[in-house]
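S.K.: Residue numbering for the sequence shown follows our numbering, beginning at 555 and increasing consecutively.
The beta-carbon is built from N, C-alpha and C at its ideal position, and this holds for glycine as well.
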Amino acid sequence: MSAPAVPQKTSRAGEGDAATKDPAATAARLLRSAAKKSYDPGVDIDWDAPLVDGALWMPEHRVSLYGTALWDRMTPEQRVELGKHEACSVASVGLWFETLLMQRLLKDFYADDPTTPRAQWALTEVADECRHSQMFARLVARAGVEPYGAVPAVHQLGKLFSVLNWGPAAYASILVAEEVLDRLQREQAHDDAIQPLMRQVNRIHIVEEARHVAFARDEVTRGIAELNRAELAYQRFTCALTSFFVVRSLINPKVYAAVGIDPREGHRTALANPHHREMIRFGGEKIMAFLDEAGMLAGPGRALWKKSFLLET
Ligand SMILES: [Fe+2]
Ligand SMILES: [Fe+2]
Numbered sequence: 555m556s557a558p559a560v561p562q563k564t565s566r567a568g569e570g571d572a573a574t575k576d577p578a579a580t581a582a583r584l585l586r587s588a589a590k591k592s593y594d595p596g597v598d599i600d601w602d603a604p605l606v607d608g609a610l611w612m613p614e615h616r617v618s619l620y621g622t623a624l625w626d627r628m629t630p631e632q633r634v635e636l637g638k639h640e641a642c643s644v645a646s647v648g649l650w651f652e653t654l655l656m657q658r659l660l661k662d663f664y665a666d667d668p669t670t671p672r673a674q675w676a677l678t679e680v681a682d683e684c685r686h687s688q689m690f691a692r693l694v695a696r697a698g699v700e701p702y703g704a705v706p707a708v709h710q711l712g713k714l715f716s717v718l719n720w721g722p723a724a725y726a727s728i729l730v731a732e733e734v735l736d737r738l739q740r741e742q743a744h745d746d747a748i749q750p751l752m753r754q755v756n757r758i759h760i761v762e763e764a765r766h767v768a769f770a771r772d773e774v775t776r777g778i779a780e781l782n783r784a785e786l787a788y789q790r791f792t793c794a795l796t797s798f799f800v801v802r803s804l805i806n807p808k809v810y811a812a813v814g815i816d817p818r819e820g821h822r823t824a825l826a827n828p829h830h831r832e833m834i835r836f837g838g839e840k841i842m843a844f845l846d847e848a849g850m851l852a853g854p855g856r857a858l859w860k861k862s863f864l865l866e867t
């Protein structure tokens, strides 16, 4: 099993930079990076390696019930089991949102000259996300956990994502999904207490997502500058709404049943749990600072940002 090096924060191409004037230049740079470093999870992960008995699937302090009275009543085995189900819930929701992102990218490609670097990049990112979705699905299957995904109503709503979201709002909500996941994955990529299979999946995802984040940040910064007032108000709201559904979907309430907890009670307890709220805030810390600076957080959508726990005030 090869071990991809996780890029340091400072090496993330484009992060924190102002949008380049020429979108083709960003796309060309990212295409070069993809040609140099891409992974095939079918080859780069040893799916037949035995799982390590008792290893964690996510750090305990990131499990949604950590620190609650329900948590205190759980055995150490139940805590590991809940962490496994939550990690798989996050992976399957990541896979769901990657599918929606691929739809958006393909529509952008459809509208573009296919020979341009930007269109070529759109297909390259689709190819990355195809491999990621296969990887997350295999991870969940290997863990022996149901591919929970989003709850049925939100899963249905997802069909509207690429219809109602385009331009900066689409890429901003994609960034929320990608960066929250990325921040949590970076935290555990080199944590020896975490299941080696999970760490390898995380490391591959971190390396390839760095390119996606650079592209999406560029799209947001450039796209916002081109919106009129009415478009900006619409885009701010759809971005807040989509991000709310993404973040609220991460832990499917069905996970609690795996350790004998009523899903409604587990869900209620998690939403009221300061540790869980802090996990969301931590995951969104960097992207929220970027979106604030880009001007995406103003307007009535602010209430949704707070309800999602991504914004505190
Ligand atoms: Fe991905
Ligand atoms: Fe991505």
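Tell me whether M850 sits in a helix, a strand or coil according to DSSP, three-state version.
M.R.: If DSSP states are grouped into helix, strand and coil, M850 belongs with coil.
S.K.: I748 by DSSP, collapsed to three states: which one?
M.R.: Strand at I748.
S.K.: Could you tell me whether the segment 852 to 864 touches the segment 822 to 839, using the rule of 3 or more Cβ pairs below 8 angstroms?
M.R.: Contact holds: three or more Cβ-Cβ distances are below 8 angstroms.
S.K.: For ligand 2, any of its heavy atoms closer than 6 angstroms to the Cβ of H509?
M.R.: Residue 509 cannot be examined here, being either before or after the span of the chain that is shown, 555 to 867.
S.K.: L605 and V617: beta carbons closer than 7 angstroms?
M.R.: Contact flag unset, no.
S.K.: Less than 8 angstroms between the CB atoms is what I'm expecting for P577 and D745, so what's the real figure, rounded?
M.R.: About 37 angstroms; that fails the 8 angstroms criterion.
S.K.: Please classify L858: does DSSP put it in a helix, a strand, or coil?
M.R.: Looking at L858 - three-state DSSP - the assignment turns out to be helix.
S.K.: Is E652 a contact residue of ligand 1, with contact defined as CB to any heavy atom under 6 angstroms?
M.R.: Flag set: Cβ of E652 near ligand 1.
S.K.: May I ask you to list the residues that DSSP assigns as paired with L610?
M.R.: Bridge partners of L610: I748.
S.K.: Would you say A723 and C793 are within 7 angstroms of each other, going by their C-beta atoms?
M.R.: Cβ atoms of A723 and C793: closer than 7 angstroms.
S.K.: Can you confirm whether the segment 583 to 591 touches the segment 780 to 789 when touching is taken to mean that 3 or more C-beta pairs between the two stretches lie within less than 8 angstroms?
M.R.: Output reads no: the segment 583 to 591 does not touch the segment 780 to 789.
S.K.: So, for F798: in the same chain, excluding its five sequence neighbours on each side, which residues have a beta-carbon less than 8 angstroms away from its beta-carbon?
M.R.: Correct list, in chain order: L858, W859, K861 and S862.
S.K.: When you compare only the Cα positions, how much space is there between S747 and A579?
M.R.: According to the sequence provided, residue 747 is Ala. The question's Ser does not apply to it. Roughly 41 angstroms between the two C-alpha positions.
S.K.: May I have a chain-ordered list of the alpha helix (DSSP H) segments no shorter than 4 residues that lie completely inside the segment 766 to 840?
M.R.: Listed in chain order, the complete alpha helix (DSSP H) runs (minimum 4 residues) inside the segment 766 to 840 are 783 to 803 and 817 to 826.
S.K.: Which residues in the same chain have their Cβ closer than 6 angstroms to the Cβ of L872, if we skip the five residues on either side of it in sequence?
M.R.: This structure leaves residue 872 out entirely; the chain is present only between 555 and 867.
S.K.: According to DSSP, simplified to helix, strand and coil, what is T867?
M.R.: T867: coil per DSSP, three-state reduction.
S.K.: Q742 and A609 - do their beta-carbons sit closer together than 7 angstroms?
M.R.: Not closer than 7 angstroms, so no.
S.K.: Flag E733 as yes when its Cβ comes closer than 6 angstroms to any non-hydrogen atom of ligand 1, and as no otherwise.
M.R.: For ligand 1, not one heavy atom lies less than 6 angstroms from the Cβ of E733.
S.K.: Ordered along the chain, which non-local residues of its own chain (more than five positions away) have a Cβ less than 8 angstroms from that of A852?
M.R.: Once the five neighbours on either side are set aside, the close Cβ partners of A852 are R790.
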